[in-house]
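*Asks:* Quick note, the sequences are listed as chains A and E, same order. According to my numbering, the first sequence holds residues 125 to 339 in order. According to my numbering, the second sequence holds residues 92 to 663 in order. Every residue, glycine too, gets a C-beta built ideally from N, C-alpha and C. Model, not experiment: these values are computed from the prediction.
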Amino acid sequence: MLSACNTEAKDKQKNQDSPVGLYGRTEKEKAYDAKVMAESFFNEHEMATLAVLCDLILPATTSAGSATDAEVPAFIAFIVKDIPQHQLPLRGGMMWLDHRSGKLFNEVFLTCSEEQKKQLLDEIAWPNKSTPELEPGINFFNRMRNLVMTGYYTTKMGLDDLGYKGNVPTVWDGVPQDVLNKHGLSYDPEWLAKCVDQEKRGIVAKWDEQGNLIT
Amino acid sequence: MQIKKSSKVYDVIIVGSGAGGGMATKVLSEAGLQIAVVEAGPYFDPGDPAQKTQLKWPWESPRRGAGTTRPFGDFDSCYGGWEIEGEPYTHTPGTQFDWWRAQMLGGRTNHWGRISLRFGPKDFKHKSVDGLGDDWPISYDDVKPYYDKVDKLIGVFGSKENLPNEPDGFFLPPPKPRLHELYFINGSKKVGVPVIPGRLSMVTKKINEERGVCFYCGQCNRGCSVHADFSAGTCLIFPAQKSGGKIDLFVNSMVREVLTDKEGKATGVSYINKDDRMEYELKGKIVVLAASACSSARILLNSKSTQHPAGLGNSSGVVGKYLHDSTGTSRAAFMPALMNRDIYNEDGVGGMHIYTPWWLDNSKLDFPRGYHMEMWGGMDIPSYGFGFDVNELNQYIGEKVGGYGDQLRKDVKKFYGSVIGISGRGECIARENNYCELDPEVVDEYGIPVLRFNYTWTDHERLQSKHMHNTFEEIFGAMGAKVLGEKPGAKDDYGLAAPGRIIHEVGTTRMGDNPSTSVTNKFEQLHDASNVFVVDGGPFVSQADKNPTWTILALSWRTSDYIVDQLKKRNI
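(1) Report yes or no: is there a C-beta of chain E within less than 7 Å of the C-beta of Gly326 of chain A?
(2) Any contact between the segment 306 to 318 of chain E and the segment 97 to 112 of chain E? By contact I mean 3 or more CB pairs, one from each, below 8 Å.
(3) Assuming the contact rule is C-beta atoms closer than 8 Å, Pro330 of chain E and Glu301 of chain E should be a hit. Round their C-beta distance to whole Å, please.
(4) Which ranges would you report for the beta strand (DSSP E) in the segment 410 to 441 of chain E if only whole runs of at least 3 residues count?
(5) Determine whether the beta carbon atoms of Thr295 of chain E and Pro266 of chain E lie at a separation below 7 Å.
(6) May I ask you to report which of helix, strand or coil DSSP gives Leu403 of chain E?
(7) Using a Cβ-Cβ cutoff of less than 6 Å, which residues in the same chain neighbour Asp325 of chain E once the five nearest sequence positions on both sides are dropped?
(8) Grab me the residues of Pro260 of chain A's own chain with a C-beta within less than 6 Å of its C-beta, minus the 5 sequence neighbours each way, in chain order.
(9) Which chain A residues sit within Cβ distance under 8 Å of Lys95 of chain E?
(10) May I ask you to report which of helix, strand or coil DSSP gives Met443 of chain E?
(11) Report the residue ranges of all beta strand (DSSP E) runs contained in full by the segment 557 to 643 of chain E; include only those spanning at least 3 residues, in chain order.
(12) Which whole runs of the alpha helix (DSSP H) in the segment 185 to 258 of chain E are 4 residues long or more, in chain order?
(13) What is the rounded straight-line gap between the Cα of Met570 of chain E and the Cα of Ser421 of chain E?
(14) Determine the chain E residues that contact Ala162 of chain A at a beta-carbon separation under 9 Å, and present them in chain order.
(15) Closer than 8 Å is the cut-off here; do at least three beta carbon pairs connect the segment 224 to 240 of chain E with the segment 270 to 280 of chain E?
(16) If you measure between the beta carbons of Gly411 of chain E and Cys305 of chain E, is that distance less than 7 Å?
(17) Here's the rule I'm using: 16 or more other beta-carbon atoms within 10 Å means buried, otherwise exposed. How should Lys659 of chain E be labelled?
(18) In its own chain, which residues sit with a C-beta less than 6 Å from the C-beta of Asp457 of chain E, not counting the 5 before and 5 after it?
(19) Going by beta carbon distance, what residues of the same chain come within less than 8 Å of Leu258 of chain A, once the five residues before and after it are set aside?
(20) Compile a chain-ordered list of the residues in the segment 250 to 276 of chain E whose CB is closer than 8 Å to at least one CB of chain A.
(21) Within the chosen definition, does the segment 347 to 360 of chain E reach the segment 614 to 633 of chain E through at least 3 CB pairs nearer than 8 Å?
(22) Would you call the CB atoms of Ser322 of chain E and Gly197 of chain E closer than 7 Å?
(23) Checking contacts by CB at 7 Å: is Lys318 of chain A closer than that to chain E?
(24) What does the alpha-carbon distance come out to for the pair Phe563 of chain E and Ile513 of chain E?
(25) Judging by CA-CA distance, which residue of E:His595, E:Asp167 and E:Asp225 is the nearest neighbour of Ser474 of chain E?
(26) Could you tell me which residues DSSP pairs with Tyr362 of chain E in its beta bridges?
(27) Less than 7 Å between CB atoms is the rule here; does Lys330 of chain A satisfy it with respect to chain E?
(28) Do you know whose CA, among E:Phe275, E:Lys240, E:Met293 and E:Tyr537, lies nearest Leu263 of chain E's CA?
(29) Using a Cβ cut-off of 9 Å, which residues of the segment 210 to 243 of chain A contact any Cβ in chain E, in chain order?
(30) Count the C-beta pairs between the segment 333 to 345 of chain E and the segment 106 to 124 of chain E that are closer than 8 Å, then say yes if the count reaches three, no if not.
(31) Which parts of the segment 307 to 352 of chain E are runs of the beta strand (DSSP E), unbroken and 3 residues or longer, counting only runs that do not cross its ends?
(32) Phe544 of chain E by DSSP, collapsed to three states: which one?
(33) Do Phe233 of chain A and the ligand ATP come close, with the Cβ less than 6 Å from some heavy atom?
(34) Give me, in chain order, the residues of the same chain whose beta-carbon lies closer than 6 Å to that of Leu177 of chain A; leave out the 5 immediate sequence neighbours on both sides.
(35) Who are the near neighbours of Gly468 of chain E in its chain, counting only those whose CB is closer than 6 Å to its CB and skipping five residues on each side?
(36) Quick one: list the residues of chain A neighbouring Val304 of chain E, beta-carbon separation under 7 Å, in chain order.
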């Protein structure tokens, strides 16, 4: 029985963590990552609460998936083990949330209605409207929002939503003309004359004795 | 422990494989010498799929690139950091120095910023200008031919500007400025601050048949799989091996000391193999130290013998002294004109396409020496921390901060690429009382006595940092950008980064003509042992407001030529 429970817990843990790819880890780093992966921090109730918060912060749209679609809860489950400073504020924050929902609706946050959840979040999602009583909730929600945003916008889904275009080989040949126009900017011809002629980048550089490029 | 001795006698043993060690390996092996390179870290090739981080995506890292195991993040190609487990260092109470160590083939050159600036005529003789510090025993004219050779061998982009103390070189053409850089150029012009194309060692145009040309991923700190930027492995050591150099690499090998004979001359080195934790000895006719300024000083101080009771090369007591790092401080700003940007690939090279060299006259200022400025910004690849305080900038445009739901997606896009910044990097005067020495009570996990640092800033550096922040604010103001955060004041040293944080530490084995006030002569040769040389940043007398790598390379080449010449003349 006991061992069955352990296996189950481990399987759950596996699902919580993101996979580790081949991205230049040293043996020591791989061992560290494996150790962190094998640990678990959040319990089932916390993971469930986390998932609900994730999708309230970033619900799906017509063109992009939600935070849970992007497996943000798994990222948060990993990052709190990797950066333990997050642990206490998140665990305590979720307890605070359940306390608050209990006070307002006589329910834990998870079992509140959608409307009640949003009513509660409206109290703590706007830092500049805070009251001392709500300060712990505001701090918690700031941290949650940060981790959800960072977890989402570092996935493929997030980068697609952002419209990110980099991290691929290219040839940089200056700001596109329509962007320059929009900003009312232009390149100074004197400056431009110094810059690389991308047509000739494949020709081996040669200089005269004064250091002037002649190829 | 039984020390394992090898019977082979190398012509040259080179300790360390970064800029200085890599250059010595190339030049000395090409002269036909038998070389041993002893490196404290593992083998590294940025093109090896098992080690490559270039063009990886943030989600390939479970921590999305956070800095848990590497200080500059998961994708940064540097093994090491300010703290290394099992290899501590200590401080004199009340002082601070954060010591960066890169332990891998190629050392720090695998992840550095590639800013490749020549020292100017004034930088070698600055005491003659302002009476502070010391002059070098060599001048710009001594080094110029080597800077020229380094430019042509390795490749550095830049532009001819004919500035008095920023010598031009044999430049590859620079890349065009990015959008935020155009704003910087215009803003700086308004307040009379000059801006010129950056000078960095990326190959924007083919330099030879072996190396690739930059494909503008902006990730030079990850190392380049096509070898289109400078690192000591890809540009010096690998080519030297390929062209038939007689080079034995000893990796994961931590040098304890230089061994000497009855005459006080070096006979080799002893090192710990980190894999089997056994001690070994290598025999060599010449020892070239290139372990980084403080590591080389540590090796010398640990090389005590009857002939060298205070440590090898330390009859002057100067080893470890005159340690100095660049000054540095940064500021960020929000640029409303860059809100809601059109998104396109503007990764460019992995560093600044523009910069500001020092432009002012110190006789009109309340601090000595200068600084250069590095401008940054752009639509960077998201990693851990992206999206934190997602809409805090709303406060500057009269909109609400906080919330949840679909609005956050709009906010992310609204502010993406709208935060820019400037970093200042300046010169600290080398002082005798900024130093590292052996801590008599502490050893590392290999049983080697560790360094104890004693370093403080003075008002020279603090006032320089204060001036940097005034300049940053002027430029931001002229650009229409809103400066972020509080302006640092006197109580926090005007934002001056802690000593060691800029990772330009030099000066610990400084060169000079007088053996009682310097460690090496003008050829980086120990005054006390003619067959020992130091080719890292240690021999620097002063560091200028410039990154030290290009000068390390030029001086190492010059020293290597001198070694070959002296061997021919049978002087060593």
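*Replies:* For this structure:
(1) yes
(2) At 8 Å Cβ cutoff, the stretches do not touch.
(3) 6 Å
(4) Under the rule that a run must span 3 or more residues, the beta strand (DSSP E) segments found entirely inside the segment 410 to 441 of chain E read 418 to 425.
(5) yes
(6) coil
(7) For the sequence presented, residue 325 of chain E should be read as Thr rather than Asp. Here the set comprises His318.
(8) Trp220
(9) None at all; the shortest Cβ gap to chain A is about 24 Å.
(10) coil
(11) 623 to 625
(12) Fully enclosed alpha helix (DSSP H) runs of 4 or longer: 212 to 215, 217 to 221 and 231 to 245.
(13) 17 Å
(14) Correct list: empty, because the minimum Cβ distance to chain E is about 13 Å.
(15) no
(16) no
(17) exposed
(18) Leu554
(19) Glu247 and Ile248
(20) Ser250, Lys251, Asp259, Gly260, Phe261, Phe262, Leu263, Pro264, Pro265, Pro266, Lys267, Pro268, Arg269, Leu270, Leu273, Tyr274 and Ile276
(21) Because the criterion of three Cβ pairs below 8 Å is met, the segment 347 to 360 of chain E and the segment 614 to 633 of chain E touch.
(22) yes
(23) yes
(24) 7 Å
(25) E:Asp167
(26) E:Val346 and E:Tyr371
(27) no
(28) Checking every option, the nearest Cα to that of Leu263 of chain E belongs to E:Met293.
(29) Lys242
(30) yes
(31) Taken in chain order, the complete beta strand (DSSP E) segments of 3 or more residues contained in the segment 307 to 352 of chain E are 338 to 341 and 344 to 351.
(32) strand
(33) With respect to the ligand ATP, the structure shown offers nothing to examine, as it has no ligands at all.
(34) Met268
(35) Only His271 and Ile511 meet the Cβ criterion.
(36) Arg325 and Gly326
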